[in-house]
Amino acid sequence: MCKKNDENNDSSNNNNEVKGNTKNPEWDANIFSQLWFAWAGSLFKRATELRKENSALEQEDLLPLPSIDLGKNIAPVFEDYWVKQQQEHEEEDQSKNKKKSK
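Going by the numbering used here, the first residue of the sequence shown is number 3, and it counts up by one from there.
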């Protein structure tokens, strides 16, 4: 579920709007709407209409991602955790090797 945060709501960095002022309805959806994906109803309806025409959703049909889910924002966080996890495993391996050698 997506949460808005204050830093993404200022007018200089507003990723809530894309071409044609399309706003992702998940950003304003209540908890029940988020739990049952009711906010995505228009997307599902569009997909159903296109399927009847033997067509598929196109990029412009999709809802915009919140900035927190963009790769440029997720990748550094993932990388930090990955490095930390590798260091922890190396430390565990070193301590196991020390115990075996005793």
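Where a beta carbon is used, it is the ideal one built from N, C-alpha and C, also for glycine. None of these values were measured; they are calculated from a predicted model.
Burial state of residue i (16 or more Cβ within 10 Å)
i, result
"N56", "exposed"
"K32", "Inspection of the sequence shows that residue 32 is occupied by Asn rather than by Lys. Exposed."
"N1", "Only positions 3 to 104 of the chain appear in the structure, and residue 1 is not among them; the question remains open."
Integer-rounded CB distance, given that residue j should sit under 8 Å from residue i
i, j, result
"E28", "W41", "5 Å"
"R53", "D63", "Actually they are not in contact, since the Cβ atoms of R53 and D63 sit about 12 Å apart, beyond 8 Å."
"L45", "L65", "6 Å"
Simplified DSSP assignment, three categories, for residue i
i, result
"E81", "helix"
"N56", "coil"
"W38", "coil"
"L67", "coil"
"L72", "coil"
"A49", "helix"
"N32", "coil"
Cα-Cα separation, residue i to residue j
i, j, result
"D71", "Q89", "26 Å"
"N75", "W84", "15 Å"
"K86", "A77", "14 Å"
"E93", "S69", "35 Å"
"D30", "G43", "14 Å"
"K101", "D95", "10 Å"
"E37", "H91", "Here residue 37 turns out to be Leu, not Glu, going by the sequence shown. Their backbone Cα atoms lie some 36 Å apart in a straight line."
"V79", "A58", "33 Å"
Residue i: CB within 6 Å of a non-hydrogen atom of the ligand NAD
i, result
"L52", "Here there are no bound small molecules, and the ligand NAD is not part of this structure."
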